[in-house]
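To start, the structure itself, in structure tokens.
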Amino acid sequence: NAGVMQNPRHLVRRRGQEARLRCSPMKGHSHVYWYRQLPEEGLKFMVYLQKENIIDESGMPKERFSAEFPKEGPSILRIQQVVRGDSAAYFCASSRGQGGETQYFGPGTRLLVL
Amino acid sequence: AQSVTQPDIHITVSEGASLELRCNYSYGATPYLFWYVQSPGQGLQLLLKYFSGDTLVQGIKGFEAEFKRSQSSFNLRKPSVHWSDAAEYFCAVVFMDSNYQLIWGAGTKLIIKP
Numbered sequence: 001n002a003g004v005m006q007n008p009r010h011l012v013r014r015r016g017q018e019a020r021l022r023c024s025p026m027k028g029h030s031h032v033y034w035y036r037q038l039p040e041e042g043l044k045f046m047v048y049l050q051k052e053n054i055i056d057e058s059g060m061p062k063e064r065f066s067a068e069f070p071k072e073g074p075s076i077l078r079i080q081q082v083v084r085g086d087s088a089a090y091f092c093a094s095s096r097g098q099g100g101e102t103q104y105f106g107p108g109t110r111l112l113v114l
Numbered sequence: 115a116q117s118v119t120q121p122d123i124h125i126t127v128s129e130g131a132s133l134e135l136r137c138n139y140s141y142g143a144t145p146y147l148f149w150y151v152q153s154p155g156q157g158l159q160l161l162l163k164y165f166s167g168d169t170l171v172q173g174i175k176g177f178e179a180e181f182k183r184s185q186s187s188f189n190l191r192k193p194s195v196h197w198s199d200a201a202e203y204f205c206a207v208v209f210m211d212s213n214y215q216l217i218w219g220a221g222t223k224l225i226i227k228p
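Protein chains in written order, with the working numbering: chain L, 1 to 114; chain U, 115 to 228.
As structure tokens, this is what we get:
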């Protein structure tokens, strides 16, 4: 059973470009979470999605950031017009349910904005 | 607001010595408690978790943790550390009344002296 897959593992963008980060949850998991980890800091919750629904996006910046989890295919975290401060590691996790179900993490995408 | 505190940013121990990493959480409804480990440049791996039952939980890689409700703590221990244990360790808590959101500590970086 494959774990949570994220791609790309590393992404380099220039300021103003768009970044698209993909996350494929574990088989049988329908809940996806995105976290951001800034250098030397812990993880910060961004958004929680179920298939075709955003459940909680309270941790996501109001502008330039969006997330989706379509019926088919991976979850996408999209950052438009990236700035240097967006440089971070972005982790995706998935779980079978909510309410304390264990979240399993992908290896992360390290975004560097030049 | 609900929070998780890892009071030690860095801990240095000698190889073969015992280890205890501290984790405290703010008061809330019955928590689910997790410890994750992150090796340099890697994603997060679940070490162990507590949902209910025996308050002493055994995890992978020889780690254990003890839930103490009276102290709102869930400290991670290992009797004898190995150089390969050098990593960053994160405590995370789901409070039942927050339903699904993992609240993260800031992490403790473990350094192993030869």
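Just so you know, even glycine gets a beta-carbon here, dropped at the ideal spot from N, CA and C.
Own chain partners of residue i with C-beta closer than 6 Å, once the 5 adjacent residues on each side are dropped
{"i": "residue 65(L)", "result": "79"}
{"i": "residue 101(L)", "result": "95"}
{"i": "residue 151(U)", "result": "159, 161, 201, 203"}
{"i": "residue 57(L)", "result": "47"}
Cβ pair residue i, residue j closer than 9 Å
{"i": "residue 37(L)", "j": "residue 108(L)", "result": "yes"}
{"i": "residue 125(U)", "j": "residue 217(U)", "result": "no"}
{"i": "residue 176(U)", "j": "residue 194(U)", "result": "yes"}
{"i": "residue 106(L)", "j": "residue 88(L)", "result": "no"}
{"i": "residue 14(L)", "j": "residue 111(L)", "result": "no"}
{"i": "residue 3(L)", "j": "residue 104(L)", "result": "yes"}
{"i": "residue 136(U)", "j": "residue 156(U)", "result": "no"}
First through last residue of the beta strand (DSSP E) which encompasses residue i
{"i": "residue 68(L)", "result": "65 to 68"}
{"i": "residue 111(L)", "result": "109 to 113"}
{"i": "residue 56(L)", "result": "53 to 56"}
{"i": "residue 182(U)", "result": "178 to 182"}
{"i": "residue 13(L)", "result": "10 to 13"}
Cross-strand partners of residue i (DSSP beta bridge)
{"i": "residue 196(U)", "result": "Beta-bridge pairing links residue 196(U) to no other residue."}
{"i": "residue 205(U)", "result": "149(U)"}
{"i": "residue 260(U)", "result": "Residue numbering for chain U in the displayed model covers 115 to 228; residue 260(U) lies beyond these limits and cannot be assessed."}
{"i": "residue 89(L)", "result": "37(L), 110(L)"}
Residue burial classification, residue i (beta-carbon count within 10 angstroms, cutoff 16)
{"i": "residue 199(U)", "result": "buried"}
{"i": "residue 207(U)", "result": "buried"}
{"i": "residue 127(L)", "result": "Examination of residue 127(L) is not possible in this model, given that chain L is present from 1 through 114 alone."}
{"i": "residue 169(U)", "result": "exposed"}
{"i": "residue 145(U)", "result": "buried"}
{"i": "residue 149(U)", "result": "buried"}
{"i": "residue 115(U)", "result": "exposed"}
Chain-ordered neighbours of residue i on chain A, where CB pairs are closer than 9 Å
{"i": "residue 41(L)", "result": "This model lacks chain A altogether, as its protein chains are L and U."}
Other residues of its chain near residue i: CB distance less than 7 Å, five sequence neighbours each side excluded
{"i": "residue 46(L)", "result": "34, 35, 36, 59, 60"}
{"i": "residue 147(U)", "result": "163, 164, 181, 188, 207"}
{"i": "residue 118(U)", "result": "137, 139, 205, 206, 207, 217, 218, 219"}
{"i": "residue 12(L)", "result": "112, 114"}
{"i": "residue 55(L)", "result": "48, 49"}
Close beta carbons around residue i, own chain, < 8 Å, minus the five adjacent residues each side
{"i": "residue 51(L)", "result": "30, 69, 70, 71"}
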